[in-house]
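Peer 1: Below is a structure I'd like to ask you about.
Residue numbers (this note's numbering), protein chains in the order written: chain A, 2 to 273; chain B, 336 to 603.
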């Protein structure tokens with residue numbers, strides 16, 4: 002469904018963020034991209050919808066070469082790629098409803114969007130999505146009046162209103178507390194299943210990624226160094242991705258014994 | 336033991352200019368220049384003394400402002416100034432928005448950016464009175480020259496500050512709007528406008544009262560408005576009338592200030 006071929010990105014400053022990344026995402030697959038800061042995770046998902054222009058390589062979405070599109074065709078292609086952001090990236094002074102409806106901007110003309118006269122079907126669908134993320138009663142509140150978890154749910158509704166085929170998700174939980182993080186991840190994964198969406202999710206929280214996704218891709222210095230199931234993330238693999246660290250280390254209990262194994266998962270959840 | 340070692344260490348804040356000779360030299364140079372400059376301003380105390388008399392005449396005039404004997408001229412001047420102000424501010428805002436968008440580095444391509452910045456710089460270099468003289472020479476005496484002057488000055492002020500505000504906007508929402516497949520105009524309307532609108536409204540109101548004050552000044556060079564009336568009053572030594580005009584201007588500026596404060600608080 003999404004096929005990334007030999008993708009290279011070199012920034013004007015000379016930093017090479019991606020060095021020939023190749024990745025294939027089948028329809029309906031939820032995939033987590035993990036890797037240390039600066040590994041190129043954000044650049045990779047931004048190259049898919051060309052918020053960042055790739056230097057070389059191709060991105061093919063449902064048979065269409067996104068990298069070869071002109072401006073108008075690119076805007077049409079972007080409609081099929083919903084994006085969810087780390088700091089939510091809502092327009093704070095707009096209402097929740099306006100933020101959600103902005104997901105339809107690729108479909109409606111300028112004057113319709115200027116006067117906020119969206120087609121009734123779009124508004125109906127926006128209400129359905131707000132129902133789904135349990136924010137219907139907030140629809141006329143300003144986005145900056147919401148809590149972090151609520152804002153991210155608005156961001157999710159906005160992305161889904163595009164009626165996308167794939168979700169590009171950039172660190173969806175990095176600004177959220179652990180409980181909200183899990184709820185947001187669960188919501189994203191549920192929605193992907195309901196709507197049979199593929200998703201490319203950047204995460205630095207390995208524990209959370211393990212919990213929710215079926216496939217993990219590890220990125221280091223712009224190169225894919227791991228591609229497989231969450232179960233394959235052994236300490237050796239984590240060392241390849243993140244570098245040397247005592248991955249098996251456990252906190253010593255008062256008696257010097259090792260604590261329960263699930264503590265390890267908790268520690269990994271705090272990994273940055 | 337460690338306490339003694341810690342007490343022996345001293346710390347002072349690092350000076351702005353590290354080289355002490357350069358630092359003291361600069362301070363000394365500035366002091367000498369100031370002393371010499373003061374010396375060249377030959378203050379004639381006799382003229383100061385005579386001036387005090389005329390100042391007293393102003394004060395007497397202010398104590399008894401005369402709104403009545405020139406009321407027709409005053410009210411016509413004030414009305415003309417208000418019309419000039421409102422029209423010029425409206426035109427200025429309408430023109431400032433495209434220029435401001437063009438002068439924002441994060442929105443405009445390089446050639447457009449340079450063109451718009453050039454326009455802003457030109458407008459800011461020329462003081463209103465000089466622009467007014469030019470427009471009066473081009474289009475003759477009257478409020479047309481005044482309106483053009485104030486519109487031109489508004490572009491320099493508003494477009495520059497708008498452009499800077501646009502450059503300071505949070506790029507994340509704009510990126511999110513772009514990711515939905517929005518067009519450039521939709522990006523402006525959804526991603527940028529909500530972020531800059533409160534400041535644009537505040538600055539426009541501020542410019543409205545600047546323009547009113549300026550309209551009084553440019554009238555003196557013939558660009559219409561209450562300035563001409565004020566100038567005539569001074570020329571005829573009618574200080575009481577001049578005082579009445581100035582008080583009216585002050586009252587209007589204060590009212591505008593108060594009203595714009597109220598509106599700005601509401602849009603925040």
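Even for Gly, the Cβ is constructed at its ideal location relative to N, Cα and C.
Within 10 Å of its beta-carbon, does residue 116(A) have 16 or more other beta-carbons around it, so buried, or fewer, so exposed?
Peer 2: In the first chain, counting from the first residue as 1, residue 116(A) sits at position 115. Classification of residue 116(A): exposed, given that the 10 Å Cβ count is below 16.
Peer 1: For the beta strand (DSSP E) containing residue 221(A), list its first residue and its last residue.
Peer 2: As a working note, residue 221(A) is residue 220 in the first chain. Residues 216-221.
Peer 1: Given a limit of 7 Å on CB to CB distance, which residues of the region 495-513 of chain B reach chain A?
Peer 2: 507, 508, 510, 511, 512, 513
Peer 1: How far does the alpha helix (DSSP H) with residue 576(B) in it extend, from its first residue to its last?
Peer 2: Looking up residue 576(B) in the second chain gives position 241. Note, residue 576(B): alpha helix (DSSP H), 574-602.
Peer 1: From the DSSP output, in three-state form, read off residue 65(A) for me.
Peer 2: For the purposes of this step, residue 65(A) is taken as residue 64 along the first chain, with counting starting at 1. Strand, per DSSP.
Peer 1: Shorter than 8 Å, the distance from the beta carbon of residue 30(A) to the closest heavy atom of the ligand ATP, or not?
Peer 2: This structure does not include the ligand ATP; it has no bound ligands of any sort.
Peer 1: Kindly indicate which three-state DSSP category residue 20(A) falls into: helix, strand or coil?
Peer 2: Start at 1 with the first residue of the first chain, and residue 20(A) comes out as number 19. Looking at residue 20(A) - three-state DSSP - the assignment turns out to be strand.
Peer 1: Please list the partners that residue 436(B) has in chain A, where partner means a Cβ-to-Cβ separation under 9 Å.
Peer 2: As a first step, residue 436(B) must be located in the second chain, where it is residue number 101. Neighbours of residue 436(B) on chain A: none; closest Cβ ~15 Å, over 9 Å.
Peer 1: How far does the alpha helix (DSSP H) with residue 570(B) in it reach, from first residue to last?
Peer 2: Within the second chain, the letter at position 235 stands for residue 570(B). Residues 561-570.
Peer 1: In three-state DSSP terms, what is residue 164(A)?
Peer 2: The residue labelled residue 164(A) in the question sits at position 163 within the first chain. Looking at residue 164(A) - three-state DSSP - the assignment turns out to be coil, as it is neither helix nor strand.
Peer 1: By DSSP, does residue 265(A) sit in helix, in strand, or in coil?
Peer 2: As a working mapping, residue 265(A) is identified with position 264 in the first chain. Annotation note: pLDDT 48 at residue 265(A) (below 50); position unreliable, no value reported.
Peer 1: Run through the region 483-510 of chain B for me and flag every whole alpha helix (DSSP H) of 4 or more residues, listed as ranges in chain order.
Peer 2: DSSP runs (the alpha helix (DSSP H)) wholly in the region 483-510 of chain B: 495-502.
Peer 1: How many Å lie between residue 354(B) and residue 362(B) at the Cα?
Peer 2: Start at 1 with the first residue of the second chain, and residue 354(B) comes out as number 19. Start at 1 with the first residue of the second chain, and residue 362(B) comes out as number 27. Each residue's alpha carbon lies about 13 Å from the other.
Peer 1: Is the CB of residue 349(B) under 9 Å away from at least one CB in chain A?
Peer 2: If you number the second chain from 1, residue 349(B) lands on position 14. Output row for residue 349(B): interface = no.
Peer 1: At the level of alpha carbons, what is the spacing between residue 118(A) and residue 520(B)?
Peer 2: As a position in the first chain, residue 118(A) is number 117, starting the count at 1. As a position in the second chain, residue 520(B) is number 185, starting the count at 1. Rounded to whole angstroms, residue 118(A) to residue 520(B) spans 16 Å at the Cα level.
Peer 1: I'd like the ranges of any beta strand (DSSP E) spanning at least 3 consecutive residues and lying wholly in the region 357-392 of chain B.
Peer 2: none
Peer 1: What's the gap between the Cα of residue 178(A) and the Cα of residue 518(B)?
Peer 2: Residue mapping note: residue 178(A) aligns to position 177 of the first chain, counting from 1. Residue mapping note: residue 518(B) aligns to position 183 of the second chain, counting from 1. Cα to Cα, residue 178(A) sits roughly 35 Å from residue 518(B).
Peer 1: Under 9 Å between C-beta atoms, does residue 300(B) make it to chain A?
Peer 2: Chain B is shown from 336 up to 603; residue 300(B) falls before or after that span and cannot be answered.
Peer 1: Could you check what DSSP says for residue 176(A) in three-state terms: helix, strand or coil?
Peer 2: Taking the first chain and counting its residues from 1, the one referred to as residue 176(A) is at position 175. Residue state, collapsed to three classes: coil.
Peer 1: I need the DSSP call for residue 134(A), collapsed to helix, strand or coil.
Peer 2: Here residue 134(A) corresponds to residue number 133 of the first chain, with the count starting at 1. Coil at residue 134(A), not helix or strand.
Peer 1: Excluding the five sequence neighbours on either side, which residues of its own chain have a C-beta within less than 7 Å of the C-beta of residue 408(B), listed in chain order?
Peer 2: Taking the first residue of the second chain as 1, we reach residue 408(B) at position 73. Once the five neighbours on either side are set aside, the close Cβ partners of residue 408(B) are 564.
Peer 1: Does the pairing of the region 38-52 of chain A with the region 7-18 of chain A give three or more beta-carbon distances under 8 Å?
Peer 2: yes
Peer 1: Between residue 185(A) and the rest of its own chain, which residues show a CB-CB distance below 8 Å, the 5 nearest in sequence each way excluded?
Peer 2: One-based indexing of the first chain puts residue 185(A) at position 184. Apart from sequence neighbours up to five positions away, the residues of its chain that approach residue 185(A) with a beta-carbon distance below 8 Å are 150, 153, 154, 157, 173, 174, 177, ordered along the chain.
Peer 1: Just to confirm before moving on: does the CB-CB distance between residue 421(B) and residue 558(B) stay below 9 Å?
Peer 2: Locating residue 421(B) in the second chain gives position 86, counting from the first residue. Locating residue 558(B) in the second chain gives position 223, counting from the first residue. The answer is no: Cβ separation not under 9 Å.
Peer 1: Can you check which of these residues, 508(B), 467(B), 452(B), 404(B), is closest to residue 88(A) by C-alpha distance?
Peer 2: Position 87 of the first chain, counted from the start, is the residue given in the question as residue 88(A). Closest in C-alpha terms to residue 88(A), from the list 508(B), 467(B), 452(B), 404(B), comes 508(B).
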